[in-house]
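Residue 1 is where the sequence shown starts when you use the UniProt record's numbering, and the numbers rise one by one after that. Even for Gly, the Cβ is constructed at its ideal location relative to N, Cα and C. These numbers come from a predicted model, not from an experiment.
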Amino acid sequence: CGQPRISSRIVGGQDAPEGGWPWHVSILHDFRPICGGALINEQWILTAASCVYGFDSIEKYTVLLGARQLLNLSRNVQLYPLQKILIHPNYQGEAGSVGDIALLKLASPIRFTSLILPVCLPHSYDEFSNNPNCWIVGWGDTGNNEPLSYPLTLQEAKVPIISRRNCNNFYNAVPFLDMEENDPVKPDMICTGYTQGSKAFCKGDGGGPLVCKVGRRWIQAGIVSWGVACGKYFHPGVCTSVPFYSRWINDKIRTQ
1 CGQPRISSRI
11 VGGQDAPEGG
21 WPWHVSILHD
31 FRPICGGALI
41 NEQWILTAAS
51 CVYGFDSIEK
61 YTVLLGARQL
71 LNLSRNVQLY
81 PLQKILIHPN
91 YQGEAGSVGD
101 IALLKLASPI
111 RFTSLILPVC
121 LPHSYDEFSN
131 NPNCWIVGWG
141 DTGNNEPLSY
151 PLTLQEAKVP
161 IISRRNCNNF
171 YNAVPFLDME
181 ENDPVKPDMI
191 CTGYTQGSKA
201 FCKGDGGGPL
211 VCKVGRRWIQ
221 AGIVSWGVAC
231 GKYFHPGVCT
241 SVPFYSRWIN
251 DKIRTQ
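Following this line, the structure appears as structure tokens:
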């Protein structure tokens, strides 16, 4: 896992190379892309609960693997229906809720190729705060009300991890939405981005993985969850912490 066969514009980002992020998937609803996700083994996708919360019928969802340009698909892509959607029971259905994590089981196991490979999952004790090599990837908007242009090429951006304390200080100073409470960034969340703005995730990037390179492998540290105004000054993006939920993920994959 976590080893693309090749070496490798989210806001302030750039085009991702073909096969650079072979675990990155697009989640489609009625064949329209709504979110990102990550392939974690031959039959499971890890994404955000906010992507599939209150889902209507499971038949309306499909997962597109191996794509780089959503409007210029190569013959290397694979499209799979879903068999199961598992949403974490703590998720409340609103931005900023804890438990923004979901598992999607594909209807059948996939074939790995050089463009379709799984990411590594972390241990519950893994810590990424000092990792200088973390990236977010997605097909979301490249700025506020600036949709990604044709042919919708996957964007990548390197982002620093911000401590939860510093992140909460930013959000306490300039509250987000109507979050009345102080310290909206909970223990199950990870903050990313630059305090001066620029590279960040944006509308359409939700559910996608935050990955960090450890040794020779890429490990999924987070799931894009919520944030403000696409790379706005002093508003880091917030991801669900994958280490925090590693036991839940492993239990579900083993028993479902």
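| query | result |
| --- | --- |
| Just to confirm my understanding: we take residue 14, look at its own chain, exclude 5 residues before and 5 after, and list those with CB closer than 6 Å. What are they? | none |
| Nearest CA to the CA of residue 118: which residue from 22, 250, 95? | 22 |
| Locate the alpha helix (DSSP H) running through residue 47, then write down its first and last residues. | No alpha helix (DSSP H) contains residue 47, which is instead part of the beta strand (DSSP E) from 44-47. |
| Tell me the DSSP secondary structure of residue 135 in three-state form. | strand |
| Where does the unbroken alpha helix (DSSP H) through residue 248 begin, and where does it stop? | 246-255 |
| For a test of the three-state rule: what should DSSP assign to residue 259, helix, strand or coil? | Within the shown structure, residues of the chain are numbered from 1 to 256, placing residue 259 beyond reach of any answer. |
| Could you give the first and the last residue of the continuous beta strand (DSSP E) run that contains residue 157? | 155-158 |
| Reducing DSSP to helix, strand and coil, say where residue 258 ends up. | It is not possible to answer for residue 258, since the shown part of the chain is limited to 1 through 256. |
| For residue 64, which residues of its own chain have a beta-carbon under 7 Å away from its beta-carbon, when the five flanking residues on both sides are left out? | 25, 26, 28, 77, 79 |
| Can you give me the start and stop residues for the beta strand (DSSP E) that residue 105 sits inside? | 102-106 |
| I need the DSSP call for residue 35, collapsed to helix, strand or coil. | strand |
| What does DSSP give as the partner residues of residue 29 in its beta bridges? | 32, 61 |
| I'd like to check one pair, residue 128 with residue 236: are the Cβ atoms closer than 8 Å? | no |
| Below 7 Å CB to CB, which residues in the same chain sit around residue 19 once its five sequence neighbours on both sides are set aside? | 4, 5, 6, 114, 115 |
| With the cut-off set at 8 Å, would you say residue 43 and residue 106 are in Cβ contact? | yes |
| For residue 244, count the other beta carbons within 10 Å of its own beta carbon; 16 or more makes it buried, fewer makes it exposed. Which is it? | buried |
| From this set, 56, 96, 62, which residue's C-alpha is nearest residue 186's C-alpha? | 96 |
| Per DSSP, which residues does residue 241 bridge with? Please list them. | 222 |
| To which residues of the same chain is residue 257 closer than 6 Å at the C-beta, ignoring the five residues directly before and after it? | With the chain covering only 1 through 256, there is no way to say anything about residue 257. |
| Distance check for residue 73 and residue 151, CA to CA, integer angstroms please. | 9 Å |
| Could you check if residue 47 is buried or exposed, using at least 16 other CB atoms within 10 Å of its CB as the buried criterion? | buried |
| Could you give the distance in angstroms between the alpha-carbon of residue 184 and the alpha-carbon of residue 172? | 8 Å |
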